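Numbering of the sequence shown is given in UniProt numbering, commencing with residue 1 and proceeding in unit increments. All residues carry an ideal CB built from backbone N, CA and C; glycine is no exception. Owing to the predicted nature of the structure, the values given are computational and were not obtained by experimental measurement.
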Amino acid sequence: DTLIVWSEAENYDLALSFQEKAGCDEIWEKICQVQGKDPSVDITQDLVDESEEERFDDMSSPGLELPSCELSRLEEIAELVASSLPSPLRREKLALALENEGYIKKLLEIFHVCEDLENIEGLHHLYEIIKGIFLLNRTALFEVMFSEECIMDVIGCLEYDPSLSQSRKHREFLTKTAKFKEVIPISDPELKQKIHQTYRVQYIQDMVLPTPSVFEENMLSTLHSFIFFNKVEIVGMLQEDEKFLTDLFAQLTDEATDEEKRQELVNFLKEFCAFSQTLQPQNRDAFFKTLSNMGILPALEVILGMDDAQVRSAATDIFSYLVEYNPSMVREFVMQEAQQNDDDILLINLIIEHMICDTDPELGGAVLLMGLLRTLVDPENMLATANKTEKTEFLGFFYKHCMHVLTAPLLANTTEDKPSKDDFQTAQLLALILELLTFCVEHHTYHIKNYIINKDILRRVLVLMASKHAFLALCALRFKRKIIGLKDEFYNRYIMKSFLFEPVVKAFLNNGSRYNLMNSAIIEMFEFIRVVSAVTC
Numbered sequence: 001d002t003l004i005v006w007s008e009a010e011n012y013d014l015a016l017s018f019q020e021k022a023g024c025d026e027i028w029e030k031i032c033q034v035q036g037k038d039p040s041v042d043i044t045q046d047l048v049d050e051s052e053e054e055r056f057d058d059m060s061s062p063g064l065e066l067p068s069c070e071l072s073r074l075e076e077i078a079e080l081v082a083s084s085l086p087s088p089l090r091r092e093k094l095a096l097a098l099e100n101e102g103y104i105k106k107l108l109e110i111f112h113v114c115e116d117l118e119n120i121e122g123l124h125h126l127y128e129i130i131k132g133i134f135l136l137n138r139t140a141l142f143e144v145m146f147s148e149e150c151i152m153d154v155i156g157c158l159e160y161d162p163s164l165s166q167s168r169k170h171r172e173f174l175t176k177t178a179k180f181k182e183v184i185p186i187s188d189p190e191l192k193q194k195i196h197q198t199y200r201v202q203y204i205q206d207m208v209l210p211t212p213s214v215f216e217e218n219m220l221s222t223l224h225s226f227i228f229f230n231k232v233e234i235v236g237m238l239q240e241d242e243k244f245l246t247d248l249f250a251q252l253t254d255e256a257t258d259e260e261k262r263q264e265l266v267n268f269l270k271e272f273c274a275f276s277q278t279l280q281p282q283n284r285d286a287f288f289k290t291l292s293n294m295g296i297l298p299a300l301e302v303i304l305g306m307d308d309a310q311v312r313s314a315a316t317d318i319f320s321y322l323v324e325y326n327p328s329m330v331r332e333f334v335m336q337e338a339q340q341n342d343d344d345i346l347l348i349n350l351i352i353e354h355m356i357c358d359t360d361p362e363l364g365g366a367v368l369l370m371g372l373l374r375t376l377v378d379p380e381n382m383l384a385t386a387n388k389t390e391k392t393e394f395l396g397f398f399y400k401h402c403m404h405v406l407t408a409p410l411l412a413n414t415t416e417d418k419p420s421k422d423d424f425q426t427a428q429l430l431a432l433i434l435e436l437l438t439f440c441v442e443h444h445t446y447h448i449k450n451y452i453i454n455k456d457i458l459r460r461v462l463v464l465m466a467s468k469h470a471f472l473a474l475c476a477l478r479f480k481r482k483i484i485g486l487k488d489e490f491y492n493r494y495i496m497k498s499f500l501f502e503p504v505v506k507a508f509l510n511n512g513s514r515y516n517l518m519n520s521a522i523i524e525m526f527e528f529i530r531v532v533s534a535v536t537c
């Protein structure tokens, strides 16, 4: 009583589910009203009423006969296409007929005639016909429609939507406004043609075709697949062009490259990496291995040290693809470069600096970078072999060369009994840093313990409990709660010896009688200590 079920294709059923019968009945009546069906009848779809014998007769009947492709018969053709779409068998027969008779090219010839004659009615019929052909979901038809010879005419047909008062200027945009620019010359004409085709087909999907209804969405799956496989081909062809990649990285890192050119190169590399997300795991491995061999990480290190904010932002996005793909590859690189470079120009320290210096009021970039740093310092994705343990090596490196850069804003802001800067953006940044430090307390055991005790980090963190921003004060309390939760004797002695409950008690008293999150969190922490003490006594 609360389901509306229908078939969109062979072996493909869809359903709408409602919480209440009244809502289901209301939508059912509207659907039946549009279709001209009786809502009191439970089953209205023609295909369901067909007997197996009738289906067999339909399958064994001769192929669909298309009207002759003439201007005077466009309305008839449009009606034939529209009437074929609801039936999978008729769609199949129509698609075969269109393929076998070279019908699409004939339709596009008539399109030119209609435009020359300014025959708006004919152009409206052609719009409906071409739109219907898209919904046939047939790769062979797309190969014809998206060929160099036909694609602009197909786009032209889709400019004349009868529901709009004026035609849209898609071809004008593609030929005059959208300009293809080769940041590095592409010598392969096939690759160049594939890039043009993919851009135009993506444009058709995103901008030209009307938004598909829930009934049409699955009828465009082949169009999505066409774009997907084109992108896979483009990535593969570029990946195999060693000269192209060599020139790309050489120009990226060349100090003589002007800023505009460098921005174009970085944006291209970013788009290139984004395309790689469509690859199968095996192909993606080969892709990133190629980029690694070409020196993408040293190139990013150079780019991140530049002044141009847009270039640095794009480089950060590229870095995120690399970290998500293979954090071990990034860790290995930064440990090797530490043997040759000063701490200031290490790749991870550049990332930390960009996180600290994010000018966005909402710190959107800093949040992204903090997530990447968290991935890099997460022992769960570190490798262990018979000869070496990545966790031991990398964490030793990180605490020696990078941790002081990460904690610098915290230490600079907590030299007194209260934060020296307490504006919202500073509070947000310190909250991010505390979030990462809390993660380290949970996962890094003795590395973070030595750092906290030797640098008196907890005392500095607890200064932030005097912040006017409740979220920052709670972050500081959460950091201490994580330490106490470890029940570590070294931490406990450090806390007691340094009187590090005092800032917490002071915050509790300052909170007064308000029953809020701060009140509850402090009470929970002391209750935890009481229970643990009772058990150990």
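Rounded C-alpha distance that separates residue i from residue j
{"i": "residue 269", "j": "residue 383", "result": "28 Å"}
{"i": "residue 307", "j": "residue 198", "result": "34 Å"}
{"i": "residue 70", "j": "residue 80", "result": "14 Å"}
{"i": "residue 404", "j": "residue 134", "result": "59 Å"}
{"i": "residue 65", "j": "residue 91", "result": "13 Å"}
{"i": "residue 201", "j": "residue 141", "result": "13 Å"}
{"i": "residue 253", "j": "residue 299", "result": "6 Å"}
{"i": "residue 10", "j": "residue 277", "result": "With a pLDDT of 49 at residue 10, under the threshold of 50, the modelled position of this residue cannot be trusted; read the value that follows with caution. Straight-line Cα distance between these residues: approximately 31 Å."}
{"i": "residue 97", "j": "residue 203", "result": "27 Å"}
{"i": "residue 146", "j": "residue 209", "result": "14 Å"}
{"i": "residue 303", "j": "residue 419", "result": "34 Å"}
{"i": "residue 22", "j": "residue 231", "result": "47 Å"}
{"i": "residue 312", "j": "residue 262", "result": "11 Å"}
{"i": "residue 260", "j": "residue 394", "result": "37 Å"}
{"i": "residue 151", "j": "residue 227", "result": "14 Å"}
{"i": "residue 469", "j": "residue 489", "result": "32 Å"}
{"i": "residue 149", "j": "residue 143", "result": "11 Å"}
{"i": "residue 464", "j": "residue 399", "result": "23 Å"}
{"i": "residue 356", "j": "residue 182", "result": "35 Å"}
{"i": "residue 154", "j": "residue 32", "result": "34 Å"}
{"i": "residue 275", "j": "residue 233", "result": "10 Å"}
{"i": "residue 359", "j": "residue 425", "result": "9 Å"}
Opening and closing residue of the alpha helix (DSSP H) in which residue i lies
{"i": "residue 262", "result": "259-276"}
{"i": "residue 412", "result": "403-412"}
{"i": "residue 193", "result": "189-203"}
{"i": "residue 76", "result": "74-84"}
{"i": "residue 442", "result": "424-443"}
{"i": "residue 506", "result": "502-511"}
{"i": "residue 340", "result": "Segment: none, residue 340 is in no alpha helix (DSSP H) and carries neither H nor E."}
{"i": "residue 33", "result": "21-35"}
{"i": "residue 365", "result": "364-376"}
{"i": "residue 246", "result": "242-253"}
{"i": "residue 114", "result": "103-117"}
{"i": "residue 470", "result": "470-485"}
{"i": "residue 122", "result": "120-134"}
{"i": "residue 156", "result": "151-157"}
{"i": "residue 312", "result": "309-325"}
{"i": "residue 286", "result": "281-294"}
Own chain residues within Cβ distance below 7 Å of residue i, not counting five before or after
{"i": "residue 124", "result": "160, 162"}
{"i": "residue 532", "result": "487"}
{"i": "residue 315", "result": "266, 300, 303, 304"}
{"i": "residue 327", "result": "375, 376, 381"}
Presumed contact (8 Å Cβ cut-off) between residue i and residue j, rounded CB distance
{"i": "residue 320", "j": "residue 368", "result": "7 Å"}
{"i": "residue 476", "j": "residue 462", "result": "6 Å"}
{"i": "residue 372", "j": "residue 334", "result": "About 12 Å; that fails the 8 Å criterion."}
{"i": "residue 158", "j": "residue 130", "result": "6 Å"}
{"i": "residue 450", "j": "residue 402", "result": "The pair is not a contact, with the Cβ atoms about 15 Å apart (cut-off 8 Å)."}
Cβ-based neighbour list, residue i, same chain, cut-off 8 Å, excluding 5 preceding and 5 following
{"i": "residue 57", "result": "Caution is warranted here: a pLDDT of 49 is assigned to residue 57, below 50, making its placement in the model unreliable, and no coordinate value can be reported."}
{"i": "residue 110", "result": "69, 70, 71, 74, 122, 126"}
{"i": "residue 51", "result": "Low confidence applies to residue 51: its pLDDT is 46, below 50, so where it sits in the model is not reliable enough to give any reading."}
{"i": "residue 3", "result": "15, 16, 17, 18, 24"}
{"i": "residue 171", "result": "152, 155, 156, 159"}
{"i": "residue 28", "result": "4, 39"}
Own chain partners of residue i with C-beta closer than 6 Å, once the 5 adjacent residues on each side are dropped
{"i": "residue 391", "result": "379, 382"}
{"i": "residue 495", "result": "none"}
{"i": "residue 139", "result": "222"}
{"i": "residue 453", "result": "494"}
{"i": "residue 49", "result": "With a pLDDT of 45 at residue 49, under the threshold of 50, the modelled position of this residue cannot be trusted; read the value that follows with caution. Result list for residue 49: empty, nothing under 6 Å."}
{"i": "residue 505", "result": "none"}
So, do the region 104-121 and the region 176-191 have three or more beta carbon pairs nearer to each other than 8 Å? no
Assess, as a yes-or-no matter, whether the region 287-296 is touched by the region 339-347 under the definition of 3 or more beta carbon pairs within less than 8 Å. no
Looking at C-beta atoms only, is the number of pairs between the region 395-414 and the region 426-435 that lie closer than 8 Å three or more? yes
Answer yes if the region 167-184 comes into contact with the region 232-239, meaning at least three C-beta pairs across the two stretches below 8 Å, and no otherwise. no
Between the region 438-452 and the region 357-366, can you find at least three pairs of beta-carbon atoms closer than 8 Å? no
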